[in-house]
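Step one of this worksheet: look at the structure below.
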Amino acid sequence: MIRSLVRLRDRNQITLPTRVAEQLALDTGALLELTLTDQGHLEMRPARIATVGSPEAEREERLARQDIEQGRYTKFGSVAQFKNDLKQRRQKEKEAEERRLMMEALQSLTGKVREIQVELDQMGRVVRQAPVAAAAGAPMEDFDQQEPQMPAQSAAAEEG
Amino acid sequence: MAVPFDLIVPDSFFFELGLVLQQFPDKQEYLDAKLGDALEFLEKNGPSVASPHGSGGEKFAVPLDGEFVLVFLWKTDRDGDGHPLADHLQLLTVEQKKR
Chain Z
14 MIRSLVRLRD RNQITLPTRV AEQLALDTGA LLELTLTDQG HLEMRPARIA
64 TVGSPEAERE ERLARQDIEQ GRYTKFGSVA QFKNDLKQRR QKEKEAEERR
114 LMMEALQSLT GKVREIQVEL DQMGRVVRQA PVAAAAGAPM EDFDQQEPQM
164 PAQSAAAEEG
Chain R
6 MAVPFDLIVP DSFFFELGLV LQQFPDKQEY LDAKLGDALE FLEKNGPSVA
56 SPHGSGGEKF AVPLDGEFVL VFLWKTDRDG DGHPLADHLQ LLTVEQKKR
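Residue numbers (the numbering used here), protein chains in the order written: chain Z, 14 to 173; chain R, 6 to 104.
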């Protein structure tokens, strides 16, 4: 048995310890099943499709019966109602997936904007420091070597 | 005469179906349609069209396609004379056939 402590990070993320991932032969993209038990325990296992007659299949059948006994089910008056419900679920899943992709794109864009801001800040600092250092007698060639350079017009405008 | 019918779908069935569809995303529409067809067939014909599944004699299975089967329970409420009052189709799981 392996026991590990993991710390919850931003957006509820955790990292599986390497040896746990290795022991279970989990690769990037692997699906994991999380179960919050009635006792408040969080169980995690590799999510695998149950094969007919396997212990996983027996477990799934047992869990389904438990769900029914404990009222965790949806009752439909006809198969047509069920099909309609399934269609609505798929539509919601599709919309959730689209939102997730949009959020990812937005986060990526925000990251790039931040990088550009940092670069611009650095450029501005170099330009602002140049006249001060020149007045103090530093040779101008030192500034010629600093990259990146702002156009002379912008620097003049900033001073004005 | 047909008796009242209802379909009971436990939360874990939706979970299991979701797992299958996550692993086979290109089969989503196909499997949803196959599931709908199988259920309509059961609603119309009862469990006699299905095969017994496992031991105990209360579980049944119907193939969804060449790879997956739908496992379910069929329960019938009866009056004192044994006449059917209502049919309940309770879904259990979607399972992959052994290869």
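Glycine is no exception: its CB is placed at the ideal position from the N, C-alpha and C atoms.
Tell me where the alpha helix (DSSP H) around residue i begins and ends.
{"i": "Leu47/R", "result": "Gln33 to Asn50"}
{"i": "Phe19/R", "result": "Asp16 to Gln28"}
Show which residues of chain R have a CB atom less than 7 angstroms away from the CB atom of residue i.
{"i": "Pro60/Z", "result": "The residue you asked about is not Pro; residue 60/Z is Ala in the sequence shown. By Cβ distance, chain R contributes Leu24."}
{"i": "Asp80/Z", "result": "Pro15, Asp16 and Ser17"}
{"i": "Arg85/Z", "result": "Pro15 and Asp16"}
{"i": "Ser76/Z", "result": "The question names Ser, yet the displayed sequence has Leu at residue 76/Z. What Leu76/Z touches in chain R: Ser17."}
So who's on the other strand from residue i, going by DSSP bridges?
{"i": "Lys64/R", "result": "Leu78/R"}
{"i": "Ala91/R", "result": "Asp82/R"}
{"i": "Phe73/R", "result": "Gln101/R"}
{"i": "Ile13/R", "result": "Lys88/Z and Gln95/R"}
{"i": "Ser56/R", "result": "Ala66/R"}
Can you pull the chain Z neighbours of residue i, defined as C-beta to C-beta under 7 angstroms?
{"i": "Asp11/R", "result": "Lys88, Phe89 and Gly90"}
Which bits of chain Z does residue i rub up against, with CB to CB less than 9 angstroms?
{"i": "Asp113/R", "result": "Residue 113/R falls outside the range modelled here, since chain R spans only 6 to 104, and no answer is possible."}
{"i": "Val74/R", "result": "Val65"}
{"i": "Leu44/R", "result": "Val92, Phe95 and Lys96"}
I want to verify the contact list: residues of chain Z whose CB lies under 8 angstroms from the CB of residue i, in sequence order.
{"i": "Gly3/R", "result": "It is not possible to answer for residue 3/R, since the shown part of chain R is limited to 6 through 104."}
{"i": "Thr81/R", "result": "Correct list: empty, because the minimum Cβ distance to chain Z is about 16 angstroms."}
{"i": "Glu48/R", "result": "Ser91 and Val92"}
Under 8 angstroms Cβ-Cβ, which residues of chain R neighbour residue i?
{"i": "Glu73/Z", "result": "Ser17, Glu21, Leu97, Thr98 and Glu100"}
{"i": "Thr64/Z", "result": "Glu100, Gln101, Lys102 and Lys103"}
{"i": "Leu44/Z", "result": "Leu24, Gln27 and Gln28"}
ask   = Taking only runs of the alpha helix (DSSP H) that begin and end inside the stretch 19 to 87 of chain Z, which ones reach a length of at least 4 residues, in chain order?
value = 31 to 36 and 68 to 82
inquiry  = Is it the case that the stretch 51 to 71 of chain R contacts the stretch 118 to 132 of chain Z, given that we only count it when at least three CB pairs across the two stretches are under 8 angstroms?
reply    = no
task = Would you check if the stretch 125 to 136 of chain Z and the stretch 105 to 114 of chain Z touch, i.e. whether three or more CB-CB distances between them fall below 8 angstroms?
result = Flag = no, the stretch 105 to 114 of chain Z and the stretch 125 to 136 of chain Z do not touch.
request  = Would you check if there are 3 or more beta carbon pairs closer than 8 angstroms linking the stretch 29 to 36 of chain Z to the stretch 46 to 56 of chain Z?
outcome  = no
query = Can you find at least 3 beta carbon pairs, one from the stretch 77 to 91 of chain R and one from the stretch 83 to 100 of chain Z, that sit closer than 8 angstroms?
reply = no
request  = Starting from the N-terminal side, write out each stretch of the beta strand (DSSP E) that is 3 residues or longer and does not extend beyond the stretch 117 to 151 of chain Z.
outcome  = The stretch 117 to 151 of chain Z contains no whole beta strand (DSSP E) run of 3 or more residues.
request  = Report yes or no: do the stretch 63 to 73 of chain R and the stretch 42 to 54 of chain Z share at least 3 C-beta pairs separated by less than 8 angstroms?
outcome  = No: fewer than three Cβ pairs fall under 8 angstroms.
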